[in-house]
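Undergrad: Attaching a single structure in structure tokens format; questions to follow.
Residue numbers (full-length UniProt numbering): 1 to 207.
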């Protein structure tokens, strides 16, 4: 497993997020959970994850390796699932104007056990759902997704099964987020991509 070094070297807090995949018929489902109406990502549907804690760090380890341990730990704490061998997927840098800035590493992992034991303090609701269905619920306004979650789901919707998605991962794409005002509203941009969020459904375009 390798990674591309993020270009933003600010001394930011670091987090790890686990994108859990489960075979479903001829496709794949992902685990999403709704956060409480308080704290970070209030009311939004997100993947399990959280900030790197002292117990996740190892001497001489790279940042993404500590984030991987955080993603595994947080998944166990938040939804009661044990995962192994997470595969590096992406690294997200928040925009400069964000009030709270955390660099977050995303990992793909296969979920062997799908029986969830959600933490009542951290999880309001859970769902195993196809990426296309999650995007559709967001497009109708039923669900709230944040750009990193939306873009990740959009990416996963292109794969026929979990094996294909996992085989394509392993090198983290770096997303250094920029916020751009447009006539339609607020856009989010990364190298070569622009997410137009001024109306539903959102649109991802090559920039």
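Idealized CB from N, CA, C, for every residue including glycine.
#1: Pull the bridge partners of residue 90 from the DSSP assignment, please.
#2: Terminal residues of the continuous beta strand (DSSP E) containing residue 128?
#3: So what's residue 68 in DSSP terms, helix, strand or just coil?
#4: Are the beta-carbon atoms of residue 228 and residue 79 separated by less than 9 Å?
#5: Do the stretch 33–49 and the stretch 86–96 touch if we need at least three Cβ pairs shorter than 8 Å?
#6: Could you compute how far the alpha carbon of residue 159 sits from the alpha carbon of residue 165?
#7: Below 8 Å CB to CB, which residues in the same chain sit around residue 65 once its five sequence neighbours on both sides are set aside?
#8: Might you give, ordered along the chain, the residues of its own chain that have their beta carbon closer than 8 Å to the beta carbon of residue 102, omitting 5 neighbours on each side?
#9: Determine the DSSP secondary structure at residue 187, reduced to helix, strand or coil.
#10: Between the alpha carbons of residue 119 and residue 180, how many angstroms are there, rounded?
#11: With DSSP collapsed to three states, give me the class of residue 55.
#12: Does the beta-carbon distance from residue 18 to residue 53 come in below 9 Å?
#13: Can you give the Cα-Cα distance for residue 144 and residue 136, rounded to whole angstroms?
TA: The relevant details are as follows:
#1: Along the chain shown, read from residue 1 onward, the residue named residue 90 stands at position 90. 106, 173, per the DSSP bridge assignment.
#2: Position 128 of the chain shown, counting from 1, holds the residue named residue 128. Residue 128 -> beta strand (DSSP E) spans 125–129.
#3: Position 68 of the chain shown, counted from the first residue, corresponds to residue 68. Looking at residue 68 - three-state DSSP - the assignment turns out to be helix.
#4: Shown here, the chain extends from 1 to 207; a query on residue 228 therefore has no answer.
#5: Of all C-beta pairs linking the stretch 33–49 to the stretch 86–96, fewer than three are shorter than 8 Å, placing the two stretches out of contact.
#6: On the chain shown, position 159 is the one that residue 159 refers to. On the chain shown, position 165 is the one that residue 165 refers to. Going from the Cα of residue 159 to the Cα of residue 165 covers about 6 Å.
#7: For this step, residue 65 is matched to residue 65 along the chain shown. The answer, listed in chain order, is 58.
#8: Start at 1 with the first residue of the chain shown, and residue 102 comes out as number 102. 12, 13, 14, 15, 51, 94.
#9: Counted from its first residue, the chain shown places residue 187 at position 187. Here residue 187 carries a strand assignment [DSSP, helix/strand/coil].
#10: Counting from 1 along the chain shown, the entry for residue 119 is found at position 119. Counting from 1 along the chain shown, the entry for residue 180 is found at position 180. Cα to Cα, residue 119 sits roughly 36 Å from residue 180.
#11: Along the chain shown, one-based indexing puts residue 55 at 55. The answer is helix: DSSP assigns residue 55 an H, G or I state.
#12: Position 18 of the chain shown, counting from 1, holds the residue named residue 18. Position 53 of the chain shown, counting from 1, holds the residue named residue 53. With contacts defined as CB atoms closer than 9 Å, residue 18 and residue 53 fail to qualify as a contacting pair.
#13: Position 144 of the chain shown, counted from the start, is the residue given in the question as residue 144. Position 136 of the chain shown, counted from the start, is the residue given in the question as residue 136. Roughly 11 Å between the two C-alpha positions.
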